[in-house]
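First the structure, in the form of structure tokens, and then the observations on it.
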Amino acid sequence: MVANRAVALRELRARCRFEKGEVEEGMSDLQHVLSMRAGDITPYVKISANAFYALGDLPNGLAQIRKCLHSDPESKPCKKLLRREKTIEKALAKVEKAFSKNQPMTGTRLLVPSADDEGLIKEIKDAVAELKKDGTIPKAAPNVLVARVVELACQGYYNMNSKKAQAFCEESLQLNADAIYGLLYKAKVQQEKELYEEAIKTLERARELAPDRGETIDKLLNEARIALKRSQTKDYYKVLGVAHDADERQIKSAYRKLTKQHHPDKAAKQGLSKEDAEKKMASINEAYEVLSNPELRARFDAGDDPNAQQQPGGFHGNPFGGHPFFQQGAGGQQFKFQFGSGGGFGGFPF
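Laid out in structure tokens, this is it:
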């Protein structure tokens, strides 16, 4: 009588702990139930499912359900759970192998829906939903395995620089606020929005959580700090309206477009004074002189503004710098394009 009461109390406490989301404690109580009530295999299903899905402990989950079948080889619930867990374990191993071989596209394709397959993420989510519906996994349980595969999809799309990263990386952070690739994606978005200080904090958090990825994160941190420093001074890329990875052709094209657009002769039409137009041209030329020179551009990309050491107003004497794009007319009041004999912009250094 005392033993039966002890088992009942253990089961009651296990239920209470599961309802509170204390999954490991509840599983511990069920292990005691198994040792106290020989022949009862019911707890194995709950222990296995929670270990495998809720805690993401695949080896333990499989080990527990195999114990069930060792006690009762014909148990249908245990057979069903083992079959599903083995299928998921095998698929996840393929995904992780692809990522370990630096094949994010291959790995990600196994995770997301395709014409032939629903994808591993949906398969796991469906399994969890079913087990929660029948009470095997408590509603308050953690969702570690789902969080794991969602972060893998985030990682894959992040590494491929795909727009599809947004949905998976945002979900990844919802499931786990410390998801490393979720944080890396968040920092990337923050930088794109020019929230450099926030990006640095996000990356520092990622660095703290994943010291084994220190080299990769340190590189991103350095880039964010340079971007912050640049934002507090001048951003020549922004002046020309080009991306930071723009090539020589794109930089020249942007420069040509801006010099035509902001020519002082057109200042009145744009509602600008001639002085403001000349200042704008000086800024454009200053940016082009740095970005068109590989050595100066490399210095700027490293956070060192080549013009920071120059005397203030270095470009004020001639807003067109030393470029042959423009030549001053008499008295410096008019500016003329130097056209080549073939028409177009013959004097441009393209």
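Following the numbering used here, the numbering of the sequence shown begins with 0 at its first residue and continues without gaps. Here a beta-carbon is modelled for each residue, glycine too, at the ideal position from N, C-alpha and C.
From what residue to what residue does the alpha helix (DSSP H) around residue i run?
| i | result |
| --- | --- |
| Ala164 | 164–174 |
| Ile199 | 195–208 |
| Asn284 | 273–290 |
| Tyr156 | 143–158 |
| Glu122 | 119–132 |
| Ser27 | 22–35 |
| Ile179 | 179–191 |
| Ser47 | 41–48 |
| Ile136 | Unbroken run through Ile136: none, as it is neither H nor E. |
Under a three-way DSSP split, which group does residue i fall into?
| i | result |
| --- | --- |
| Ala5 | helix |
| Glu222 | helix |
| Leu11 | helix |
| Pro103 | helix |
| Lys304 | This sequence places Asp at residue 304; Lys is not what is there. Residue state, collapsed to three classes: coil. |
| Asp234 | coil |
| Glu217 | Correcting the residue type first, residue 217 is Asp in the shown sequence and not Glu. In this structure, Asp217 counts as helix in the three-state DSSP scheme. |
| Pro58 | helix |
| Lys75 | helix |
| Val94 | helix |
| Asp246 | coil |
| Tyr113 | For clarity, residue 113 is Ser in the given sequence; the question names Tyr instead. Coil, per DSSP. |
| Lys256 | helix |
| Lys85 | helix |
| Lys268 | helix |
| Lys19 | coil |
| His261 | coil |
| Ser70 | helix |
Beta-carbon separation of residue i and residue j under 8 Å?
| i | j | result |
| --- | --- | --- |
| Tyr157 | Leu183 | yes |
| Val127 | Tyr52 | yes |
| Ala186 | Ala223 | yes |
| Ala13 | Gly25 | yes |
| Val143 | Gly55 | yes |
| Asn306 | Glu285 | yes |
| Arg296 | Leu290 | yes |
| Arg65 | Val32 | no |
| Val241 | Ile250 | yes |
| Asn175 | Ala198 | no |
| Gly302 | Lys200 | no |
| Thr107 | Gly155 | yes |
| His262 | Ile283 | no |
| Arg206 | Gly213 | yes |
| Val94 | Leu109 | yes |
Keeping to the same chain, check which residues put their C-beta closer than 6 Å to that of residue i; ignore five residues upstream and five downstream.
| i | result |
| --- | --- |
| Tyr287 | Tyr254 |
| Ser171 | Val149, Glu150, Cys153, Ala178, Gly181 |
| Ala419 | No statement about residue 419 is possible, as the shown extent of the chain runs from 0 to 349 and does not include it. |
Whose C-beta lies closer than 7 Å to the C-beta of residue i among residues of the same chain, with five residues either side of it excluded?
| i | result |
| --- | --- |
| Lys233 | Asp304 |
| Ala5 | Met35 |
| Lys121 | Pro112 |
| Leu202 | Ala186, Ile216, Leu219, Leu220, Ala223 |
| His243 | Tyr236 |
| Leu11 | none |
| Asp390 | The question about residue 390 has no answer, for the chain in this structure spans 0 to 349. |
Excluding sequence positions up to five away, which residues of its chain have a Cβ less than 8 Å from the Cβ of residue i?
| i | result |
| --- | --- |
| Ala7 | none |
| Val22 | Arg16, Asn49, Ala53, Leu54, Pro137, Ala140, Pro141 |
key: Touch test, the stretch 183–197 against the stretch 132–145, Cβ-Cβ under 8 Å, three pairs minimum   = no
inquiry  = Check whether the stretch 69–79 and the stretch 31–51 are in contact - that is, three or more C-beta pairs closer than 8 Å.
reply    = yes
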